Every structure is written in C-alpha cells, then in structure tokens.
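Only one structure is covered here, and it is reproduced in the block below.
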Amino acid sequence: MDLILSREYKASNKLTRILYLREYSNFKDRLGEMTNPRVVYVTDMVSCSQKRYYRLSYPELAFSFEPVLVLGNLVHMGLEKLLEEEGYKVEVEFEKIFKINGVEFRVKGRVDAINSSEVVEIKTTRTDIKIPLEHHILQLQLYLNLLNREKGILIYITPERISEYQIDREELDVSRILLETIENTVHPRWSWECKYCTYARICPYKVLSEK
Ligand code: SF4
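Once you know that position 200 of the sequence shown is 416 in this note's numbering, the rest is easy, because the numbers rise by one and skip nothing.
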C-alpha cells in the first residue's frame, strides 16, 4: 500500500483532450449564429442584455472550459439518456419568429426534454441555496409560453440535494422581454450577475459589490 501511495504518477492528457474538443467543437459550430444580430436566444432573455451585446462583438470571450461546466454537461447527457428511455424527446431545438419595429428576430431555444404535456429543464448548481432560482423559473416559463405547454419540471442536481419543482405556466409578455433584450436596457438583469460575468473586465455597467 505504501508503495502505491508514494509512487509518482505520470500526467496524462488523453481524456481531458476528448472533453475539451467536445466543448470547443460545440462552441465553434454555434459561432456563426452567435454573432447574428437577428438571433436572440432564450438564455439571452433571462440574462443581462449587455452580455448579448458583447457576445455579438466578442464571441470568442464566451468560450469557457471550466470543470464545473463540463460536469454539468455530463450530468445533462446522463439524465437526458434516462428521460429518452421514458419517452421524452431530448435536446429539442426550436425557433419562433417575432417582428419588432418591422424587423424579424428569431428567438431560439433548446429544451432539455419535452413530451406532449410538459417541458423538463435540468440544472446543476454548486449549492442548493435558494433553489429554485428566479432566472431558471423565468427560463422555464419562457419555454412554456413559446412551446405552448402548461406544465414544466425544473430539476436540480446539486452536491447537497436532488430537488425538483413543478412549474405551472403563467402568461408572460414575451415581446416586452424580447424588446428589452434587443434594445439592451437591462444591465444587469439580476443583482448577482456581474460577479460571474465573463465580460466584467470590459463592462462600464458592472455593478461593484461592497463585499
Ligand atoms: S458586468 Fe454586469 S452589467 Fe456588464 S455585461 Fe456583465 S452582467 Fe452585464
């Protein structure tokens, strides 16, 4: 036993490279669309509108290879596989056209899982404090409104807790949320956002926390 513990192991890079290339190739495939000013993602509509503005100008800064994100993606893949066996369609992309001031915008989203009556949104967070989080509820409500479903399930897989919530659809003014996203009038949308923002180093709207 002592022999095993005291032995030095050679570093390896084989599997990490597979994980990296998967993340990078997904990012690269979306790069063209990410810089299209007529495309608005549902995730843009639940975030600071300045982030979308920066993504259109500096898309490369949006790439991130963080262990916590890789972990989250792997959990998604695993749970989606199980949901597929239960009859859900998974990783379903959709698009709705909205006309704002005479200009067409494509609102695009991708739901984790869906069947004829409900949408499932999977979240992996570092802690279970304050779940369900308000921006996750808004995201699911947008899916329900855009896809015309009455019920959604928001499931959190966190190190401390697996917890799911049933969310009933509430009517949202989707055009208003789209307008404030396109016109970039909510920066930030949530008080905590700047702390975790990739663009904080170049942003004049950054809200500085006292702590
Ligand atoms: S630093 Fe804050 S205000 Fe600026 S883009 Fe990021 S979240 Fe928005």
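Positions of the beta carbon are idealized from the N, C-alpha and C atoms, including for glycine.
Being a predicted model, the structure only gives us computed values, none of them experimental.
*Can you tell me whether Y415 is buried or exposed, with buried defined as 16 or more other CB within 10 angstroms of its CB?*
buried
*Do A416 and the ligand SF4 come close, with the Cβ less than 7 Å from some heavy atom?*
yes
*Cα separation between N361 and V284?*
30 Å
*asked:* As a quick exercise: from E282, L277, P375, V255, pick the residue whose alpha carbon is nearest that of R238.
replied: E282
*Contacts around R342, its chain only, beta-carbon distance under 8 Å, and the 5 residues preceding and following it disregarded*: V284, T374, P375
*For the beta strand (DSSP E) holding K326, just list the boundary residues, first then last.*
Before going on, a small fix: residue 326 reads as Arg here, not Lys. Where R326 is concerned, the enclosing beta strand (DSSP E) stretches over 319-330.
*Under 8 Å between C-beta atoms of Q355 and V262*: yes
_In the DSSP assignment, the alpha helix (DSSP H) including Y372 goes from what residue to what residue?_
From DSSP, Y372 is part of no alpha helix (DSSP H) but of the beta strand (DSSP E) over 367-373.
*Straight-line Cα distance separating G303 from Y240*: 30 Å
*Nearest-angstrom Cα distance between V291 and T340?*
8 Å
_Rounded to the nearest angstrom, what separates E399 and K324 at their Cα positions?_
17 Å
*For the 8 Å Cβ check, are there 3 or more pairs between the region 314-322 and the region 386-397?*
yes
*P275: CB within 7 Å of a non-hydrogen atom of the ligand SF4*: no
*Taking the Cβ atom as the reference point for each residue, do E296 and V306 lie within a distance shorter than 8 Å?*
yes
*asked:* Measuring only from the beta carbon, is E396 closer than 7 Å to any heavy atom that is part of the ligand SF4?
replied: no
*asked:* Relative to the C-alpha of L349, which candidate in L299, Y236, W406, I234 has its C-alpha closest?
replied: W406
*Would you call the CB atoms of V319 and D328 closer than 8 Å?*
no
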